[in-house]
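Comments concern the structure below.
Protein chains in written order, with the working numbering: chain A, 9 to 312; chain B, 10 to 252.
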């Protein structure tokens, strides 16, 4: 075990840095600029039972310190991901990859998870019950303890790999949702997905996004993410994967002190395709600066 | 895709709301119709701008001031260092040009036609270039195309230069293949007016500019495509206009 390595639900990662789903596609574009094998893992684009176009454009807006997206889970569907994307991922990434799954009904989640669970290169199933950009599914499962538990139980029944439930920040009590997932058998939780947000075009006086609202990400949400990771980690004993506005090695350390075992990096990849590479390279010096010998030493350090 | 640091050599006003920025650095192999994505101080997302001209040690863009980002760009002095992604998008397939290619640029869609014209001339073809502007106030680069040796024809909406009207009013009778760039409304009218095949450079609001975020996806006859990565250039036959 190197000083950067962490163990996530029983699988060792060389470092805690994981590009977040929806900001990394299936890895192809980033493999053009660096060797993806330096990553801890990566979480591929949210995959659903059927292929989806997603929402109309414009799907992207900007704000100080971040961006809004309303992509709406565009993806080729789980069968196409298994047939076409996983073989390509196998060529560019030799470690276990994280499969991100979304759905509109419990059956949708079960269908996609059952199939992805059979793929040897997949190390974890990250079950997204938190997409703010789709109607009748997505985030609605993540805002209710009962529904979150129901998805968790159903997916756990058909899978053998660790199941990490990805939570939305758009709730009043993140601790109770996290606990409900743990009690239903989740092997880990990840958070935060994007914050529901909106911009208005001053010229047209209409919402800037065609979907009216979108999910806010980027450095602007980092303190919110740290707070929620802290609260969730306090509520559960399963591993927490922290994310939300992480853009530097120091952000990674802060997220881990809040209680994260591993850290996903999202929007930063979209403005700097080399963001994760730089963060990983910067980690040892940042650890030296703060007197951290092994990165696992700081997990949850902020919890007195 | 290639990432690098570039230094502003020149940043000057060309016409009403239209600016030219010359960046020195190593942009790699840039094809006509490709774009670059510029990171600006204090802006989160990069700004995708089509390429006017490029060589081994420079890239030149001509940009229209449309929002906060492009407004900020006008204030950047020579010597400013910028983080830029280059070699983005697919670019035009000039091998399909035939013996009498037609280049059609409208407003801020004019710049990519310059590099296309240079490449076609270098291949021994003399393109006919149609340039459309609103008026003489926002017209630019007409002389540059003439200096290259192209057959240049201009239309302006107010008739202050060339034919009064739109580029669709000056499309010649005969051409082998066309390449077109402009705002969506202009692309649609050209699409309706042209005969035969050709390529359109599409515009869409982008997130990353290199194919990761799925922010700029459009429906095509050949499935869902990302304007930034699978485009911005699409052949006429694959385009499906959104409502």
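All C-beta atoms, glycine included, are put in the ideal place defined by N, C-alpha and C.
Predicted model only: the values in this text are computed from it and were never measured.
- Residues of the segment 204-231 of chain B whose Cβ lies closer than 9 Å to any Cβ of chain A, in chain order: 213, 214, 215, 216, 217, 218, 219, 220, 221, 222, 223, 224, 225, 226, 227 and 228.
- Taking each of B/79, B/90, B/154 and B/238 in turn and checking the Cα distance to residue 17 of chain B, the smallest one comes out for B/90.
- Using a Cβ-Cβ cut-off of 9 Å, residue 53 of chain A counts as an interface residue toward chain B, since at least one Cβ of chain B sits closer than that to its own.
- DSSP, read as helix, strand or coil, puts residue 270 of chain A in strand.
- Here residue 193 of chain B is actually not in contact with residue 162 of chain B; their C-beta atoms are around 23 Å apart, not less than 8 Å.
- Just measuring C-alpha positions, the residue of A/160, A/75 and A/261 sitting nearest residue 225 of chain A is A/75.
- Judged by beta-carbon spacing, residue 116 of chain B lies within the 9 Å limit of residue 143 of chain B, meaning their Cβ atoms are closer than that value.
- Secondary-structure assignment with DSSP links residue 75 of chain A through a beta bridge to A/70 and A/225.
- Between residue 214 of chain B and residue 205 of chain B, the C-beta gap is not smaller than 9 Å, which leaves the two residues out of contact.
- The beta-carbon of residue 56 of chain A is placed no less than 9 Å from the nearest beta-carbon of chain B.
- Note that the C-beta distance between residue 260 of chain A and residue 271 of chain A is below 9 Å.
- The continuous alpha helix (DSSP H) containing residue 130 of chain B extends over residues 120-131.
- Within the segment 76-131 of chain A, the complete beta strand (DSSP E) segments at least 3 residues long are 105-109, listed from N- to C-terminus.
- Looking from the CA of residue 59 of chain A, the closest CA among A/36, A/134, A/245 and A/109 belongs to A/109.
- Residue 194 of chain A sits close to residue 172 of chain A, with the two beta carbons spaced by under 9 Å.
- In this structure, residue 237 of chain B keeps its C-beta atom at 9 Å or more from the C-beta atom of residue 281 of chain A.
- Membership of residue 298 of chain A in any beta strand (DSSP E) is not indicated, and neither H nor E is assigned to it by DSSP.
- Within chain B, the residues 223 and 226 have their CB atoms less than 7 Å from the CB of residue 62 of chain A, given in chain order.
- Closest option to residue 303 of chain A, judged by alpha-carbon separation, among A/18, A/283, A/273 and A/262: A/262.
- DSSP places residue 43 of chain B outside both helix and strand once states are collapsed to three, so it counts as coil.
- For the segment 171-183 of chain A, no residue has a beta-carbon sitting nearer than 8 Å to a beta-carbon of chain B.
- DSSP places residue 189 of chain B inside the beta strand (DSSP E), whose first and last residues are 186-190.
- The CB of residue 108 of chain A never comes closer than 9 Å to any CB in chain B; the least such distance is about 13 Å.
- As computed with DSSP, residue 164 of chain B is found in a beta bridge with B/141 and B/172.
- Ranked by Cα distance from residue 140 of chain B, the first of B/107, B/51 and B/174 is B/174.
- DSSP places residue 55 of chain B in the coil class of the three-state scheme, outside both helix and strand.
- Counting only runs of at least 4 residues, the segment 150-199 of chain A fully encloses the following alpha helix (DSSP H) elements, listed from N- to C-terminal order: 153-165 and 182-191.
- Taking 9 Å as the cut-off, the Cβ atoms of residue 264 of chain A and residue 27 of chain A do not count as close.
- For residue 174 of chain A and residue 73 of chain A, the gap between their C-alpha atoms comes out near 23 Å.
- The DSSP-derived three-state label of residue 76 of chain B is coil.
- With respect to chain B, the C-beta atom of residue 281 of chain A has a partner C-beta closer than 9 Å.
- Neighbours of residue 233 of chain B in chain A, taken as residues at a C-beta separation under 8 Å, are given in chain order as 61 and 82.
- Taking a cut-off of 8 Å for Cβ pairs, the segment 19-39 of chain B and the segment 95-114 of chain B touch, as three or more such pairs fall below it.
- Annotation: the continuous beta strand (DSSP E) that includes residue 235 of chain B extends over 232-235.
- Residue contact check for residue 108 of chain B against chain A: no CB pair falls below 9 Å.
- Under the Cβ criterion of 9 Å, residue 48 of chain A is not counted among the residues facing chain B.
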